[in-house]
Amino acid sequence: MLLSLVLAPFAGSLVAICIPSHKGTVSAWWSGAIALFCLATSAGLYPAIANGEPLKYEIAWLPELGLNFTLRMDGFAWMFASLVTAIGLLVVVYARYYMSASDPVPRFFSLFLAFMGAMLGVVLSGNLVLLAIFWELTSIISFLLIGYWYHNAAARDGARMALTVTGTGGLCMFVGLMLIGHVVGSYDLDVVLASGNVIREHPLYTTILVLILLGALTKSAQFPFHFWLPHAMAAPTPVSAFLHSATLVKAGVFLLIRLWPVMAGTDAWFWIVGLAGLSTLLLGAYFAIFQQDLKGLLAYSTISHLGLITVLLSLGSPLAAVAAIFHTINHATFKASLFMAAGIIDHETGTRDMRRLSGLFRFMPFTATLAMVASASMAGVPLLNGFLSKEMFFAEAIETHRYNLLDTVTPYVATLASMFAVTYSLRFIHSVFFGPPPVDLPKSPHEPPHWMRAPIEFLVLACLVVGIVPSYTIGPFLHTAVQSVLGPATPNYSLAVWHGWNLPLFMSLIALAGGVALFLIMKNYLATSIEGPPLFRRLEGQRIFERVLVTLSWKWARSIEMRAGTRRLQPQMRVLILVALAAGAIPLLLRGFSPAEIVVRSIDPVLGFLWLIGIICAIGAAYQAKFHRLASLVLLGGAGLATCLTFVWLSAPDLAVTQLLVEIVTTVLILLGLRWLPKRIEQHDEQEIMTFPVRMRRLRDFALAILCGIGMMLISYTLMTKSLPETISSYFLERAYSEGGGTNVVNVILVDFRGFDTLGEIAVLCIVALTVFALLLRFRPATESLETPEQQRVQNAFDDKHPDRAKGDSIAEYLFVPSVIMRWMFPAIGLFAAFLFFRGHDLPGGGFAAGITMSIAFILQYMAGGTRWVEERLRIHPLRWMSIGLIVATATGLGSWLFGYPFLTSHAQYADLPIIGKVPLASAILFDLGVFSLVLGATVLILIALAHQSVRAPRAQARAARSAAKETV
Amino acid sequence: MELVLSVAIGVLTASGVWLLFRPRTYQVVIGLSLLSYAVNLFIFGMGRLRINAPPVLEKGGAGGLLTHTDPIPQALVLTAIVIGFAMTALFLVVLLASRGLTGTDHVDGRE
């Protein structure tokens, strides 16, 4: 049940994103169903948690790190979950009518559901790390939601600001949560909640507190991080109604309340939280009065109310915590309805500017009445729910908790802020609904569709009912929530409307009277004033934020890049090699590495002679690579051949076969490439350019290269002369036949023991081949290499000189006898490939070798006959071969699941075929077949893609000629 | 035997690294190939060098490191050879494309 509550919104979100964008209504119905399901689930869970025992659901995830997927629902989490799902459902209904058909509505609902899921995840997490993960999710999805109209610059900026501020806070909070885990020794919420004393007395307490508060206060838009919230109003109104009433900003409050039992009650807590809360409460209310945008007013009022909750939490008394929880619910109900009302006004009139709106009461009396009741609740008028929690707040503000200045000023600030709240609530109502009829509005105002108003009606009804008979409606649920937070410390509190003539009531009366008076004084000023409060207009958090961002992400980043970075490859290479050299050398030197004594007499003459040639080839290849590419390629092949012979000599036939074949293919490949690489002619003045700096640079590179070489030589010599330690090799040697069913251990390792690695490897090969293919599809060869090669020109010139020959004859006859032999070779090489393939499991060979052999057979045909000739006769579909190979290999692996074995378990058996005799028939051979097919396809694809360039070249030539002609014109 | 192979590894490494520092793309491709020979030989050498040791088991039998060659470095090098080919192919094509696009074969795409 708990799991489905968290997973359903995410699953629903995935479905919703698949709904085509013109079917907006379908996605609305779908999200409504999901939200209703979540609400019903949450409601159904109430009896299970009502007795005070939290409900838990746990899946081991990384238990060794203390990280489990734990969901935990107690009364408080239940209250929040119900709030989130209920308001979510109402907002979905509202959004169904609010969103216009031209918007991509399914994307909206998909994000909306995902956000609901993330929020439920935060609320229901029973593990601190999980909580942090869901917390980050809410930041990211809120970013997407606020930036939903991404064609609008304000939406983009607002979204980015919200993400930057809450994301930074989230990271700090994550560190704080990790520290808690470190102090307590567990991330489990139950354990953490039970170890409040340990945390409070730990020397790291202040650090933890500051980090966690950074997370909570940024999320809840507390001063001085409040500035992102008004900018987030660029979001569609349903988003604001959801994010800024019940969810996103309440996540911070949720965390504060959740950790209240373990963190609160200290001086540090009181000062930081109290100062932030009190200033937010006052400034938010003050700013709200001077907003001209309806949603701006509501945004600042939200900030102020969140400040109120924060102040309550800072006090550290249980009664204040009760008030905080209660006000969280109340604020969610009236603020959601007010946002929706503001959305309706915007929707029906086309503007949110209070200077332009007036007298709407006569056009939309129902909406006006609802908005009036909701804003009366916001102002704290008696008989409404806002009044109850405000009275509790006043009562707590008067109480003396600590003997310091902050505690003394709290009641005065509270009354003043409450007065401001009355003023802005009055202003909201008066400027929109009363006064003369509006002039030149973008739309003619009228009542919205009934169902668009229904969510507001419901919420306002809730405000009224809770406000009049609190103990019969919200009472028991609130009590469960309070008990789950405070436990045995739960105080006695009364939810009655009438407490007699006491000080809080007088404060309320002062606030009401003062607020009305203030409004009357300022009415005329506000009707025409510009946006923003006097005195503070210049002090904009946003501007500071932007200044900081520019400095950090532009100025500093650029200067660091200028100083430390380079776009040139060669310095990067040098740094890379230097680091590699140091990383190799330093540990060896620290551990006292001493190279083994070099004994000269043990030189093997065969190997010695072989590598004499090999070394000459390697140095030659390095020396010639600049100007004589072909020579360098030949010499490289020489070094490769020496490597190959080394494998033969040192009992590694498998490697020798593969190396030889790959050597052939590589050489052909580079030869094909050389065709498109214009010659680099050695210039004689090259010697003169060898100035002193160039010489020094070369000398440095040379020294570095020599150093690497000597290092590798010493390490390999030392290691090779030491005796072999015990490795897992003997495991494979012992089991290759008995379990893998093959005698060629190397092949058995590749296709059986480590089959998964091989699967990954052929996938890489596949990706590389496709990349090469894609790169060559749009390939534009260097213009210098476009003309026909010199050899062909000579041959054509020869044909032209002899009257009895047609042009192209020489080319056709070139190497005639060898090309006939090459054509005949095709079946022979094919047979050899099959031979290599089938013996692979028991004798040297296998899928890799066979695949490359077969591709050589194909490329030989291309060389002999030319591209067109081959493709008229053979069906060559390397892409298809590759996909078949990948499918066969994966299917073989999956096949073992059918028999209840893990992925890629192989089964070995010998089949007795007539004439041929015993044939090893392990299921691994199927896997090897996949490898074969893929290697063949990939190699052929790479080679052919390059070979095809000569067919395309005439077209490219024509194009180049055309553009040249254009230029001359 | 070991000495010869380690000198060979050293020379291949040095030539490869030298070419990596050079400014021409083709030099870098060749350098990478040389370096991969060196690395393959090095990995192979970690199974120790054996002449005339059987790399294949008797039918029905089990082998040991005393009588047979070490299969793990061989398996590693086998895949490394194929991947090395793929890498060379990729870099070669990138080289060609870069030459066609920028008109120079300098590694930075400009002289």
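Residue numbers (the working numbering), protein chains in the order written: chain R, 33 to 1001; chain V, 22 to 132.
Cβ coordinates follow ideal geometry from the N, Cα and C atoms, glycine included.
Determine the direct distance from the alpha carbon of residue j to that of residue i, and round the result to whole angstroms.
i	j	result
Gln-981(R)	Leu-809(R)	9 Å
Leu-68(R)	Leu-34(R)	15 Å
Phe-106(V)	Met-895(R)	20 Å
Ile-648(R)	Ile-908(R)	40 Å
Pro-821(R)	Thr-125(V)	20 Å
Val-529(R)	Tyr-237(R)	40 Å
Asp-832(R)	Ala-838(R)	7 Å
Gly-898(R)	Ser-54(V)	28 Å
Leu-415(R)	Gly-532(R)	14 Å
Ile-747(R)	Arg-623(R)	14 Å
Ala-65(R)	Asp-222(R)	33 Å
Leu-1002(R)	Leu-162(R)	This structure does not reach residue 1002(R), given that chain R is present from 33 up to 1001, and the question cannot be answered.
Gly-76(R)	Leu-156(R)	15 Å
Phe-460(R)	Thr-298(R)	39 Å
Leu-818(R)	Gly-597(R)	37 Å
Val-967(R)	Val-77(V)	24 Å
Would you mind telling me which residues of chain R sit closer than 7 Å to residue i, beta carbon to beta carbon, in chain order?
i	result
Glu-23(V)	Tyr-749, Met-752, Thr-753
Leu-111(V)	Val-800, Thr-803, Val-804
So residue i contacts chain R; which residues on that side make the cut at Cβ distance below 8 Å?
i	result
Leu-41(V)	Met-605, Ile-609
Leu-53(V)	Here the premise fails: no neighbours, minimum Cβ distance about 11 Å.
Going by C-alpha distance, which of the options is nearest residue i?
i	options	result
Ser-277(R)	Thr-298(R), Met-295(R), Lys-251(R)	Lys-251(R)
Ile-884(R)	Leu-868(R), Thr-899(R), Leu-739(R)	Leu-868(R)
Thr-73(R)	His-54(R), Ser-53(R), Met-111(R)	Met-111(R)
Thr-522(R)	Ala-628(R), Phe-302(R), Ala-352(R), Ala-653(R)	Ala-352(R)
Ala-408(R)	Met-451(R), His-433(R), Thr-383(R)	Met-451(R)
Leu-177(R)	Arg-192(R), Trp-167(R), Phe-166(R)	Arg-192(R)
Ala-921(R)	Leu-225(R), Thr-790(R), Trp-167(R)	Thr-790(R)
Val-137(R)	Gly-672(R), Asn-779(R), Ala-48(R)	Ala-48(R)
Glu-758(R)	Val-49(V), Gly-85(V), Val-77(V)	Gly-85(V)
Val-689(R)	Phe-864(R), Tyr-525(R), Phe-830(R), Ala-795(R)	Phe-864(R)
Pro-477(R)	Tyr-456(R), Ile-500(R), Pro-397(R), Ala-486(R)	Pro-397(R)
Ile-91(R)	Leu-71(R), Asp-220(R), Leu-169(R)	Asp-220(R)
Gly-382(R)	Leu-307(R), Lys-475(R), Val-305(R)	Lys-475(R)
Ala-735(R)	Leu-802(R), Gln-824(R), Val-849(R), Arg-606(R)	Arg-606(R)
Met-857(R)	Asn-828(R), Ile-888(R), Ala-844(R)	Ile-888(R)
Inspect the beta-carbon positions of residue i and residue j and report whether they are closer than 8 Å.
i	j	result
Leu-344(R)	Glu-428(R)	yes
Ala-164(R)	Leu-209(R)	yes
Ala-283(R)	Met-151(R)	yes
Thr-312(R)	Ile-335(R)	yes
Ala-368(R)	Leu-491(R)	yes
Gly-52(V)	Leu-41(V)	yes
Thr-399(R)	Pro-480(R)	yes
Phe-108(R)	Ala-513(R)	yes
Leu-56(V)	Thr-34(V)	yes
Ser-174(R)	Ser-45(R)	no
Ala-91(V)	Arg-120(V)	As written in the sequence, residue 91(V) is Asp, which differs from the Ala given in the question. Contact: no.
Leu-751(R)	Ile-72(V)	no
Ile-488(R)	Ala-373(R)	yes
Identify the contact partners of residue i in chain V, using a Cβ-Cβ distance below 9 Å as the criterion.
i	result
Glu-771(R)	None at all; the shortest Cβ gap to chain V is about 10 Å.
Phe-880(R)	Leu-99, Thr-100, Ile-102, Val-103
Leu-808(R)	Val-114, Leu-117, Ala-118
Arg-599(R)	Asp-129
Ile-793(R)	According to the sequence provided, residue 793(R) is Glu. The question's Ile does not apply to it. Within 9 Å Cβ-Cβ: Thr-100, Val-103, Ile-104.
Along chain V, in chain order, which residues have C-beta atoms closer than 7 Å to that of residue i?
i	result
Ser-664(R)	Ile-51
Pro-685(R)	Pro-76
Lys-776(R)	The residue you asked about is not Lys; residue 776(R) is Asn in the sequence shown. Chain V residues near Asn-776(R): Val-77.
Pro-859(R)	Ordered by position in chain V, no residue passes the 7 Å Cβ test against Pro-859(R), which lies about 25 Å from the chain.
I want to verify the contact list: residues of chain V whose CB lies under 8 Å from the CB of residue i, in sequence order.
i	result
Cys-740(R)	Thr-34, Ala-35, Val-38
Arg-188(R)	In chain order: nothing, as chain V lies at least about 33 Å away.
Discussion item. Using a Cβ distance threshold of 8 Å, determine whether the segment 321-338 of chain R contacts the segment 286-300 of chain R, with at least three qualifying pairs required.
Written reply: Remark: fewer than three beta-carbon pairs, one from each stretch, lie closer than 8 Å, so the segment 321-338 of chain R and the segment 286-300 of chain R are not flagged as touching.
Worksheet item: Is there contact here, the segment 177-191 of chain R with the segment 85-103 of chain R, by at least three beta-carbon pairs under 8 Å?
Response: no
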